[in-house]
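Chemist: After the structure tokens below, expect a handful of questions from me.
Here is the structure:
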């Protein structure tokens with residue numbers, strides 16, 4: 037596959053694996069923007085074979101489909117393979133074959149990249165082709181290239197992301213309407229913002245895959261999906277949101293990746309309180325945003341649509357252009373030295389907590405609760421007593437403490453006879469707290 | 037200058053033109069992050085000669101300085117030239133020479149790129165080297181690469197940017213403190229947020245250079261600084277800000293670039309009302325942000341520090357890494373077909389306006405004012421009468437109308453005997469208004 041960069045009449049052929057919502061968007065953009073893209077690439081990009089599971093299904097886009105993967109993968113005359121079928125198998129094996137055959141690969145597959153990204157990047161490197169996956173994280177938001185290129189002279193310390201549109205939509209409506217989660221989720225399902233089985237979204241698993249990819253990029257490390265400590269939003273209540281609000285916070289499902297001083301990496305996904313003054317606090321509805329703290333650049337934020345046919349397709353076609361330019365220029369994938377950095381267990385993270393306790397309305401409760409915190413080296417920043425009698429609650433905000441200590445403290449609180457229940461607990465992400 | 041990509045022990049030498057605040061930051065990052073950068077490039081980057089005007093001046097960074105440009109420009113053994121001296125002359129001539137000698141160039145010089153960017157890009161293209169200028173727009177915020185690469189498969193319709201930190205700092209304080217501009221500007225000067233001569237910032241000229249660069253990139257066009265219609269913030273009053281606030285808007289100095297249906301391009305910098313719900317409305321203090329409306333990707337926003345030694349240096353060093361990788365891979369600068377698209381005169385833009393009129397408190401004023409609007413094909417969206425007697429004011433918001441018509445209408449209003457003065461006028465950027 038030799039290319040003559042001086043020949044601007046050259047055509048590169050893009051084969052597609054998959055023609056679902058994203059695949060249809062990719063085909064549409066490649067066709068509708070063909071002239072601009074040709075101007076930007078220096079070659080025309082043509083849609084080659086499109087592989088689908090069921091060739092008889094009727095489709096919105098008018099392209100020739102086939103169920104024979106060999107017309108794309110490893111096929112002579114197909115320069116770039118776009119994978120938008122999703123899932124690990126058979127995508128993993130097909131893309132490995134494509135890379136080994138000297139085809140550049142563009143994928144939107146976060147599951148695959150967050151588990152087998154390293155092996156695919158190695159294959160791309162070995163065969164001097166590109167592997168691009170901008171669409172795998174936060175849809176249309178350019179984050180992979182900025183991280184890999186624009187921040188390549190800097191040191192990223194921490195990444196905080198709103199990485200899942202469905203959960204941000206649900207939390208936004210809960211915040212703005214004072215509603216509980218269940219009815220908002222049902223409504224989101226009716227509106228098509230949430231799947232019939234919403235587990236991947238509300239359980240934090242979708243965000244966890246993206247957090248693993250971001251951590252790998254930010255810290256030049258191997259981080260896979262299973263390294264990510266994950267909690268979803270199902271336990272978030274209207275009371276939590278109201279409590280956060282009156283103390284100047286909002287609740288967001290955050291993906292947080294951090295490189296610690298000892299070069300260990302912490303990656304976690306969970307709902308968290310963030311100050312209303314934080315730029316992530318104003319990200320509403322199904323939008324995504326990624327907030328990056330870098331040594332020299334300072335704070336950066338990238339905002340946009342995290343999903344949807346055309347936004348995701350825009351990112352895919354941007355990657356196709358990158359791959360096409362690189363092929364024409366004979367450029368290799370930049371090689372990045374990746375280190376094996378240890379993953380810090382969540383118990384070792386230093387975190388701040390909000391806790392809501394159902395307590396007996398009796399003298400001395402606060403002192404016994406406070407003593408339990410002290411016994412576990414967790415220092416209380418502020419505390420409010422709410423309600424009376426059976427309804428009495430203590431709302432506490434801790435200072436930053438070791439997660440493991442907070443957990444042990446919570447267990448010990450459960451054993452106190454004055455504490456009827458731990459009504460709620462949630463981490464607080466606030467830089468004002470060391 | 038042949039490079040063997042397989043040799044990871046290779047060293048590339050980076051020569052610097054200038055060692056001011058940004059140059060010192062670049063030298064610091066290249067040194068402090070040397071190991072990470074080597075891992076990301078696949079070669080070590082060494083600081084070569086550093087050219088300064090006055091070699092005897094004492095400096096914070098410990099590097100060898102010279103006043104002989106020939107040790108950097110066209111010098112054998114200097115692979116990448118970083119220009120952080122600013123100004124058009126002699127930067128233009130020096131960088132042209134460097135590019136022609138086969139050196140890649142990284143510059144933070146917005147003045148130069150916004151006036152002579154096209155000729156420098158052509159020189160880079162002809163000599164198969166890179167010209168990178170991420171730091172020339174919005175400091176540390178990665179916007180050039182996302183625009184050129186991530187959005188290369190999409191069609192950008194409009195770019196709105198808060199491109200100047202000083203003016204955003206001033207407007208933020210005016211908004212949050214209800215203060216007038218003069219004392220806040222004086223304070224900003226005392227704090228070092230504004231220059232002793234603040235004209236470039238408050239006059240909108242700094243933002244205009246950046247808007248020209250953004251427009252060129254967004255629309256694959258030749259747009260230079262002189263194509264940008266420019267108004268500064270000096271006429272913004274506390275009253276304007278209060279009026280905006282109670283109608284759900286904030287005032288920002290915006291750079292706006294738009295490609296119209298007829299492929300003409302409008303580029304303008306001026307203060308504007310934007311709805312508080314717009315993501316740009318929450319950009320506070322000296323931060324910059326760029327909001328992009330693309331056909332497929334939808335809305336995107338990029339946020340970060342627009343100036344400062346280390347943030348700008350982070351962008352410069354990111355570009356150095358890009359240039360170094362390209363050299364090692366033997367890659368050419370991607371060629372983009374640039375069209376000569378006409379610039380739409382500001383009079384032809386379709387804009388919405390806020391107007392504040394000092395009027396006589398007499399019967400029939402409103403009807404005569406309204407008739408004048410009607411005569412000029414400007415339709416009124418809403419109107420409030422404020423105060424009484426000598427203090428009577430009319431506050432009007434128009435529907436979107438041709439700018440030239442609004443201007444003619446304002447001239448005609450001045451001639452009405454009931455209208456004592458046009459106390460204020462400002463454009464409103466609100467997508468809810470077609």
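Protein chains in written order, with the numbering used here: chain A, 37 to 470; chain B, 37 to 470.
The C-beta atom is built at its ideal place from N, Cα and C for all residues, glycine as well.
Residue 394(A) by DSSP, collapsed to three states: which one?
Modeler: Residue 394(A) falls in the strand class under three-state DSSP.
Chemist: Could you check the C-alpha separation between residue 339(B) and residue 325(B) for me, to the nearest Å?
Modeler: So the alpha carbons of these two residues sit roughly 4 Å apart.
Chemist: Would you tell me roughly how many angstroms separate the C-alpha atoms of residue 130(B) and residue 83(B), rounded to the nearest one?
Modeler: Their backbone Cα atoms lie some 19 Å apart in a straight line.
Chemist: So if I threshold CB-CB distances at 7 Å, which residues from the stretch 181-202 of chain A count as touching chain B?
Modeler: Per Cβ criterion, the list reads 181, 182, 185, 186, 187, 188, 189, 190 and 191.
Chemist: Going by beta-carbon coordinates alone, are residue 310(A) and residue 281(A) separated by less than 9 Å?
Modeler: Going by C-beta atoms, residue 310(A) is not nearer than 9 Å to residue 281(A).
Chemist: From the beta carbon of residue 228(B), is the nearest beta carbon of chain A less than 9 Å away?
Modeler: Not closer than 9 Å to any Cβ of chain A, the Cβ of residue 228(B) fails to qualify, so no.
Chemist: Starting from residue 47(A), trace the beta strand (DSSP E) both ways and give me its first and last residue.
Modeler: Run containing residue 47(A): 47-53, per the beta strand (DSSP E) assignment.
Chemist: Nearest-angstrom Cα distance between residue 298(B) and residue 107(A)?
Modeler: Cα to Cα, residue 298(B) sits roughly 41 Å from residue 107(A).
Chemist: Here's the rule I'm using: 16 or more other beta-carbon atoms within 10 Å means buried, otherwise exposed. How should residue 92(A) be labelled?
Modeler: The residue is exposed, with fewer than 16 neighbouring Cβ atoms inside 10 Å.
Chemist: Mapping DSSP to helix, strand and coil, what is residue 248(A)?
Modeler: Three-state DSSP puts residue 248(A) in a helix.
Chemist: So which residues on chain B does residue 27(A) lean against when the C-beta distance must stay under 9 Å?
Modeler: Residue 27(A) falls outside the range modelled here, since chain A spans only 37 to 470, and no answer is possible.
Chemist: Can you look up residue 283(B) in the DSSP assignment and give me helix, strand or coil?
Modeler: Reduced to three states, the DSSP call for residue 283(B) is coil.
Chemist: Is the beta carbon of residue 139(A) sitting closer than 9 Å to the one on residue 175(A)?
Modeler: The answer is no: Cβ separation not under 9 Å.
Chemist: Grab me the residues of residue 242(B)'s own chain with a C-beta within less than 7 Å of its C-beta, minus the 5 sequence neighbours each way, in chain order.
Modeler: For residue 242(B), where only same-chain residues beyond five positions count, the Cβ hits under 7 Å are 200 and 236.
Chemist: Between the Cα of residue 197(A) and those of 234(A), 66(A) and 245(A), spot the shortest distance and give me the residue it belongs to.
Modeler: Among 234(A), 66(A) and 245(A), the Cα nearest to that of residue 197(A) is on 245(A).
Chemist: Report all residues from its chain with a CB closer than 6 Å to the CB of residue 120(A); omit the five preceding and five following residues, and keep chain order.
Modeler: Excluding positions up to five away in sequence, the list reads 54, 58, 59 and 144.
Chemist: Thinking C-alpha only, which one of 172(B), 190(B), 113(B) and 74(B) is nearest residue 354(A)?
Modeler: For the residues 172(B), 190(B), 113(B) and 74(B), the minimum Cα distance to residue 354(A) belongs to 190(B).
Chemist: Going by other Cβ atoms of all chains shown within 10 Å of its Cβ, with 16 needed for buried, is residue 350(B) buried or exposed?
Modeler: So residue 350(B) ends up on the buried side.
Chemist: Of all the CB atoms in chain B, is at least one closer than 9 Å to the CB of residue 250(A)?
Modeler: By this cut-off, residue 250(A) is not an interface position.
Chemist: Please state the DSSP three-state secondary structure of residue 241(B).
Modeler: Note: residue 241(B) maps to helix in three-state DSSP.
Chemist: Do the CB positions of residue 284(A) and residue 266(A) come within less than 9 Å of each other?
Modeler: Cβ distance not < 9 Å, so residue 284(A) and residue 266(A) don't count as in contact.
Chemist: Nearest-angstrom Cα distance between residue 163(A) and residue 361(A)?
Modeler: For residue 163(A) and residue 361(A), the distance between alpha carbons rounds to 17 Å.
Chemist: So, do the stretch 179-187 of chain B and the stretch 166-186 of chain A have three or more beta carbon pairs nearer to each other than 8 Å?
Modeler: The stretch 179-187 of chain B is in contact with the stretch 166-186 of chain A.
Chemist: So with Cβ pairs under 9 Å, would you call residue 52(A) a contact of chain B?
Modeler: By this cut-off, residue 52(A) is not an interface position.
Chemist: Give a yes or no on contact between the stretch 327-345 of chain A and the stretch 407-420 of chain A, applying the rule of three or more CB pairs nearer than 8 Å.
Modeler: No: fewer than three Cβ pairs fall under 8 Å.
Chemist: Using the three-state DSSP reduction, which class does residue 205(A) fall into: helix, strand or coil?
Modeler: Helix at residue 205(A).
Chemist: Chain B partners of residue 296(A), CB-CB under 9 Å?
Modeler: Within chain B, no residue comes near residue 296(A); the closest Cβ sits about 16 Å away, beyond 9 Å.
Chemist: Given a cut-off of 9 Å, decide if residue 118(A) and residue 142(A) are closer than it, judged by their beta-carbon atoms.
Modeler: Yes. Within cutoff.
Chemist: Does residue 427(B) pass the burial test, meaning 16 or more other C-beta atoms within 10 Å, or should it be called exposed?
Modeler: The residue is exposed, with fewer than 16 neighbouring Cβ atoms inside 10 Å.
Chemist: Would residue 20(A) count as contacting chain B if we go by Cβ distances under 9 Å?
Modeler: Residue 20(A) lies beyond the stretch modelled for chain A, which goes from 37 to 470, so this question has no answer here.
Chemist: My output table needs one value for residue 383(B): the three-state DSSP class, helix, strand or coil.
Modeler: Looking at residue 383(B) - three-state DSSP - the assignment turns out to be helix.
Chemist: For the stretch 211-244 of chain A, which residues have a CB atom closer than 7 Å to at least one CB atom of chain B, in sequence order?
Modeler: Within the stretch 211-244 of chain A, no residue has a Cβ that lies closer than 7 Å to any Cβ of chain B.
Chemist: Report the option in 357(B), 193(B) and 446(B) whose CA atom is closest to the CA atom of residue 115(B).
Modeler: Checking every option, the nearest Cα to that of residue 115(B) belongs to 357(B).
Chemist: Listed in chain order, which residues of the stretch 253-271 of chain A have Cβ atoms closer than 8 Å to some Cβ of chain B?
Modeler: If the cut-off is 8 Å between Cβ atoms, the stretch 253-271 of chain A has 256 near chain B.
Chemist: Contact defined as beta carbons within less than 8 Å: I believe residue 264(B) pairs with residue 247(B). What is the distance between those atoms, to the nearest angstrom?
Modeler: Rounded, the Cβ-Cβ distance is 5 Å, consistent with contact.
Chemist: Does residue 366(A) have its Cβ less than 9 Å from a Cβ in chain B?
Modeler: Chain B, which has a Cβ nearer than 9 Å to the Cβ of residue 366(A), makes this yes.
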